[in-house]
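The sequence shown: position 193 = 194 (our numbering), numbered continuously.
To keep things clear, I will list the structure first and then write my remarks on it.
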Amino acid sequence: MTGFTGIPFAALDFYEDLEADNSKLWWNEHKEVYDNAVKGPMTALLATLEPEFGNAKVFRPYRDVRFSKDKTPYKTHQGGFVARGDSLGYYVQIDPAGLFVAGGFYNSSTDGVARYRRTVDDDVRGAELERIIAALTKAGYEIGGDTLKTKPRGFEIDHPRIDLLRHKSLTAGKHFGSPEWLKTPKAATKVRDAWRALTPLVEWSAALHT
(Lines of atoms letter the chains of each structure in order from A and count residues from 1; the text may use other names and numbers.)
(Lines give C-alpha, C1' and ligand atoms only; values in the text may rest on other atoms or scores of the structure.)
Protein backbone atom coordinates (compact mmCIF):
# COMPACT_ATOMS: atom_id res chain seq x y z
CA MET A 1 0.00 0.00 0.00
CA THR A 2 1.33 3.43 -0.91
CA GLY A 3 1.26 6.29 1.58
CA PHE A 4 -1.59 8.76 1.75
CA THR A 5 -1.16 11.67 -0.68
CA GLY A 6 -4.64 13.23 -0.48
CA ILE A 7 -8.18 12.80 -1.76
CA PRO A 8 -8.25 13.79 -5.45
CA PHE A 9 -11.10 15.97 -6.64
CA ALA A 10 -11.80 13.16 -9.11
CA ALA A 11 -13.40 11.36 -6.15
CA LEU A 12 -15.94 14.16 -5.73
CA ASP A 13 -16.59 14.23 -9.47
CA PHE A 14 -17.07 10.46 -9.43
CA TYR A 15 -19.88 10.70 -6.88
CA GLU A 16 -21.48 13.69 -8.57
CA ASP A 17 -21.68 11.67 -11.78
CA LEU A 18 -22.88 8.59 -9.89
CA GLU A 19 -25.78 10.61 -8.47
CA ALA A 20 -26.82 11.37 -12.06
CA ASP A 21 -26.53 7.75 -13.26
CA ASN A 22 -26.64 5.23 -10.42
CA SER A 23 -26.59 2.13 -12.59
CA LYS A 24 -24.51 -1.03 -12.80
CA LEU A 25 -23.54 -0.17 -16.36
CA TRP A 26 -22.15 3.25 -15.38
CA TRP A 27 -20.39 1.79 -12.35
CA ASN A 28 -18.67 -0.92 -14.37
CA GLU A 29 -17.49 1.64 -16.90
CA HIS A 30 -16.00 3.84 -14.15
CA LYS A 31 -14.89 1.28 -11.55
CA GLU A 32 -11.23 2.06 -12.21
CA VAL A 33 -11.90 5.66 -11.14
CA TYR A 34 -13.53 4.37 -7.95
CA ASP A 35 -10.56 2.11 -7.20
CA ASN A 36 -7.92 4.77 -7.86
CA ALA A 37 -9.58 8.02 -6.75
CA VAL A 38 -11.90 6.84 -3.96
CA LYS A 39 -11.17 3.45 -2.42
CA GLY A 40 -7.38 3.67 -2.69
CA PRO A 41 -7.04 7.12 -1.07
CA MET A 42 -9.61 6.32 1.64
CA THR A 43 -7.79 3.07 2.49
CA ALA A 44 -4.47 4.93 2.67
CA LEU A 45 -5.99 7.69 4.82
CA LEU A 46 -7.35 5.22 7.34
CA ALA A 47 -4.05 3.33 7.40
CA THR A 48 -2.32 6.60 8.28
CA LEU A 49 -4.70 7.17 11.20
CA GLU A 50 -4.82 3.60 12.52
CA PRO A 51 -1.71 3.84 14.77
CA GLU A 52 -3.47 6.46 16.89
CA PHE A 53 -7.13 5.51 16.64
CA GLY A 54 -7.21 1.79 15.95
CA ASN A 55 -8.24 -0.60 13.19
CA ALA A 56 -10.43 1.00 10.55
CA LYS A 57 -13.02 -0.27 8.11
CA VAL A 58 -13.68 0.98 4.59
CA PHE A 59 -17.39 0.55 3.92
CA ARG A 60 -18.57 -1.36 0.88
CA PRO A 61 -19.93 0.77 -1.97
CA TYR A 62 -23.10 -1.29 -2.41
CA ARG A 63 -26.44 -0.31 -0.92
CA ASP A 64 -28.60 -2.83 0.94
CA VAL A 65 -31.80 -2.54 -1.08
CA ARG A 66 -33.65 -5.54 0.35
CA PHE A 67 -36.09 -3.47 2.41
CA SER A 68 -35.86 -0.16 0.57
CA LYS A 69 -38.15 1.37 -2.05
CA ASP A 70 -35.05 3.00 -3.52
CA LYS A 71 -33.38 0.26 -5.56
CA THR A 72 -30.37 2.25 -6.79
CA PRO A 73 -27.46 -0.13 -6.27
CA TYR A 74 -24.60 2.12 -5.12
CA LYS A 75 -23.95 4.49 -2.25
CA THR A 76 -23.24 8.06 -3.34
CA HIS A 77 -20.52 8.48 -0.73
CA GLN A 78 -17.55 6.55 0.62
CA GLY A 79 -17.32 6.11 4.37
CA GLY A 80 -14.66 4.85 6.74
CA PHE A 81 -15.10 3.93 10.40
CA VAL A 82 -12.98 3.18 13.46
CA ALA A 83 -15.12 1.28 15.97
CA ARG A 84 -14.67 1.85 19.68
CA GLY A 85 -17.75 -0.18 20.55
CA ASP A 86 -21.05 -1.31 19.07
CA SER A 87 -22.03 1.45 16.58
CA LEU A 88 -19.62 3.74 18.40
CA GLY A 89 -16.49 5.42 17.10
CA TYR A 90 -14.95 7.75 14.52
CA TYR A 91 -16.29 8.33 11.01
CA VAL A 92 -14.96 9.95 7.83
CA GLN A 93 -16.76 10.38 4.51
CA ILE A 94 -16.17 11.61 0.97
CA ASP A 95 -19.13 12.63 -1.18
CA PRO A 96 -19.85 15.19 -3.94
CA ALA A 97 -19.69 18.04 -1.40
CA GLY A 98 -16.26 17.01 -0.12
CA LEU A 99 -15.03 15.84 3.28
CA PHE A 100 -17.20 15.08 6.32
CA VAL A 101 -15.84 13.95 9.70
CA ALA A 102 -17.86 12.77 12.71
CA GLY A 103 -17.88 10.70 15.86
CA GLY A 104 -20.09 9.45 18.67
CA PHE A 105 -22.56 6.61 19.07
CA TYR A 106 -24.85 5.93 16.13
CA ASN A 107 -27.25 3.36 17.50
CA SER A 108 -28.11 1.81 20.80
CA SER A 109 -30.26 -0.94 22.24
CA THR A 110 -33.17 -0.24 24.56
CA ASP A 111 -30.89 -1.06 27.51
CA GLY A 112 -28.19 1.17 26.03
CA VAL A 113 -30.52 4.15 25.74
CA ALA A 114 -31.69 3.63 29.32
CA ARG A 115 -28.05 3.49 30.48
CA TYR A 116 -27.26 6.65 28.52
CA ARG A 117 -30.16 8.55 30.09
CA ARG A 118 -29.26 7.44 33.61
CA THR A 119 -25.75 8.73 32.98
CA VAL A 120 -26.97 12.05 31.56
CA ASP A 121 -29.22 12.40 34.60
CA ASP A 122 -26.20 12.06 36.89
CA ASP A 123 -25.05 15.51 37.99
CA VAL A 124 -21.36 14.67 37.48
CA ARG A 125 -21.36 12.61 34.28
CA GLY A 126 -24.23 14.55 32.77
CA ALA A 127 -22.48 17.87 33.40
CA GLU A 128 -19.33 16.42 31.85
CA LEU A 129 -21.25 15.62 28.66
CA GLU A 130 -22.71 19.13 28.65
CA ARG A 131 -19.19 20.58 28.66
CA ILE A 132 -18.08 18.24 25.87
CA ILE A 133 -21.04 19.18 23.68
CA ALA A 134 -20.57 22.89 24.39
CA ALA A 135 -16.90 22.70 23.39
CA LEU A 136 -17.69 20.85 20.16
CA THR A 137 -20.46 23.28 19.28
CA LYS A 138 -18.13 26.22 19.87
CA ALA A 139 -15.55 24.54 17.61
CA GLY A 140 -18.06 24.38 14.75
CA TYR A 141 -19.33 20.81 15.08
CA GLU A 142 -22.98 20.05 14.43
CA ILE A 143 -24.66 17.89 17.05
CA GLY A 144 -26.78 15.10 15.61
CA GLY A 145 -28.44 11.81 16.37
CA ASP A 146 -31.94 10.37 16.71
CA THR A 147 -34.04 12.29 19.22
CA LEU A 148 -37.48 12.22 20.75
CA LYS A 149 -39.78 15.15 20.00
CA THR A 150 -41.03 15.11 23.57
CA LYS A 151 -39.51 14.27 26.92
CA PRO A 152 -38.44 10.69 27.63
CA ARG A 153 -40.55 8.73 30.07
CA GLY A 154 -39.53 9.24 33.68
CA PHE A 155 -38.01 12.70 33.23
CA GLU A 156 -39.52 16.15 33.64
CA ILE A 157 -39.60 18.69 30.85
CA ASP A 158 -37.68 21.19 33.01
CA HIS A 159 -34.74 18.82 33.55
CA PRO A 160 -31.55 20.89 33.10
CA ARG A 161 -30.29 18.46 30.44
CA ILE A 162 -33.61 17.64 28.77
CA ASP A 163 -32.20 18.22 25.26
CA LEU A 164 -29.48 15.61 25.83
CA LEU A 165 -31.96 13.23 27.46
CA ARG A 166 -34.05 13.24 24.28
CA HIS A 167 -31.22 11.61 22.33
CA LYS A 168 -31.31 7.92 21.41
CA SER A 169 -28.00 8.33 19.57
CA LEU A 170 -25.54 11.18 19.83
CA THR A 171 -22.99 12.34 17.27
CA ALA A 172 -21.02 15.42 16.34
CA GLY A 173 -19.81 16.17 12.83
CA LYS A 174 -18.22 18.82 10.67
CA HIS A 175 -18.35 19.41 6.91
CA PHE A 176 -15.07 20.66 5.46
CA GLY A 177 -16.18 20.94 1.84
CA SER A 178 -13.49 20.67 -0.84
CA PRO A 179 -10.59 22.99 0.04
CA GLU A 180 -7.33 22.72 -1.88
CA TRP A 181 -5.68 20.84 1.00
CA LEU A 182 -8.11 17.92 0.49
CA LYS A 183 -5.98 16.64 -2.39
CA THR A 184 -2.77 16.84 -0.32
CA PRO A 185 -1.38 14.86 2.64
CA LYS A 186 -2.64 17.70 4.87
CA ALA A 187 -6.09 16.09 4.66
CA ALA A 188 -4.89 13.37 7.04
CA THR A 189 -3.83 16.03 9.55
CA LYS A 190 -7.24 17.68 9.31
CA VAL A 191 -9.06 14.39 9.92
CA ARG A 192 -6.68 13.51 12.76
CA ASP A 193 -7.26 16.88 14.46
CA ALA A 194 -11.03 16.50 14.06
CA TRP A 195 -11.01 13.01 15.54
CA ARG A 196 -8.92 14.24 18.45
CA ALA A 197 -11.51 16.95 19.08
CA LEU A 198 -14.21 14.26 19.00
CA THR A 199 -12.33 11.92 21.35
CA PRO A 200 -13.94 13.25 24.58
CA LEU A 201 -17.39 12.46 23.16
CA VAL A 202 -16.31 9.04 21.91
CA GLU A 203 -14.64 8.17 25.24
CA TRP A 204 -17.60 9.44 27.25
CA SER A 205 -19.88 7.23 25.15
CA ALA A 206 -17.52 4.25 25.36
CA ALA A 207 -17.61 4.43 29.16
CA LEU A 208 -21.32 3.57 29.01
CA HIS A 209 -20.35 0.10 27.79
CA THR A 210 -17.81 -0.64 30.54
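Beta carbons are placed, not taken as given, at the ideal position from N, Cα and C, and that holds for glycine.
Quiz prompt | Ala103 - partner residues in DSSP beta bridges | solution = DSSP, once it has assigned bridges, lists Tyr92, Gly174 as partnering Ala103.
Exercise. Measure the C-alpha to C-alpha separation of Ile133 and His31 and round it to an integer number of angstroms.
Key: Rounded to the nearest whole angstrom, the C-alpha separation of Ile133 and His31 is 43 Å.
Self-check item: Burial state of Gly104, where buried means 16 or more other Cβ atoms lie within 10 Å
Solution: buried
Quiz item: Pairing CB atoms from the segment 188 to 199 with CB atoms from the segment 156 to 171, are three or more of them under 8 Å?
Solution: Flag = no, the segment 188 to 199 and the segment 156 to 171 do not touch.
Quiz item: Does the segment 150 to 159 touch the segment 82 to 91, meaning 3 or more C-beta pairs lie closer than 8 Å?
Solution: No contact exists between the segment 82 to 91 and the segment 150 to 159.
Quiz prompt | DSSP three-state assignment for Glu143, whether helix, strand or coil | solution = strand
Practice problem: For chain D, find out if any of its Cβ atoms is closer than 9 Å to the Cβ of Gly145; answer yes or no. | Solution: This model lacks chain D altogether; it includes just one protein chain.
Self-check item: Candidates Leu19, Leu46, Arg119, Pro74, of which the one nearest Thr34 by Cα
Solution: At residue 34 the sequence reads Val, which differs from the Thr that was named. Among Leu19, Leu46, Arg119, Pro74, the Cα nearest to that of Val34 is on Leu19.
Practice problem: Would you identify the three-state DSSP class for His31, choosing helix, strand or coil? | Solution: helix
Quiz item: Exposed or buried, what is Tyr110 when buried is set at 16 or more other beta-carbons lying within 10 Å of its beta-carbon?
Solution: Per the sequence shown, the amino acid found at residue 110 is Ser instead of Tyr. That one is exposed.
Self-check item: Nearest candidate by alpha-carbon position, reference Lys25, set Thr73, Glu17, Tyr16
Solution: Thr73
Exercise. Give the DSSP bridge partners of His168, in chain order.
Key: Thr148
Quiz item: What do you reckon, are the CB atoms on Tyr142 and Leu199 nearer than 9 Å?
Solution: yes
Quiz item: Under the three-state reduction of DSSP, which class applies to Ala84: helix, strand or coil?
Solution: Assigned with DSSP and collapsed to three states, Ala84 falls in strand.
Practice problem: Keeping to the same chain, check which residues put their C-beta closer than 6 Å to that of Thr49; ignore five residues upstream and five downstream. | Solution: Phe5, Ala189
Practice problem: Please name the residue or residues paired with Val59 in a DSSP beta bridge. | Solution: Gly81
Quiz item: Could you give the distance in angstroms between the alpha-carbon of Asp71 and the alpha-carbon of Tyr63?
Solution: 13 Å
Quiz prompt | Option in Ala12, Lys184, Val102 with minimal Cα separation from Trp196 | solution = In terms of CA proximity to Trp196, Val102 leads the group Ala12, Lys184, Val102.
Quiz item: What is the rounded straight-line gap between the Cα of Glu204 and the Cα of Lys175?
Solution: 18 Å
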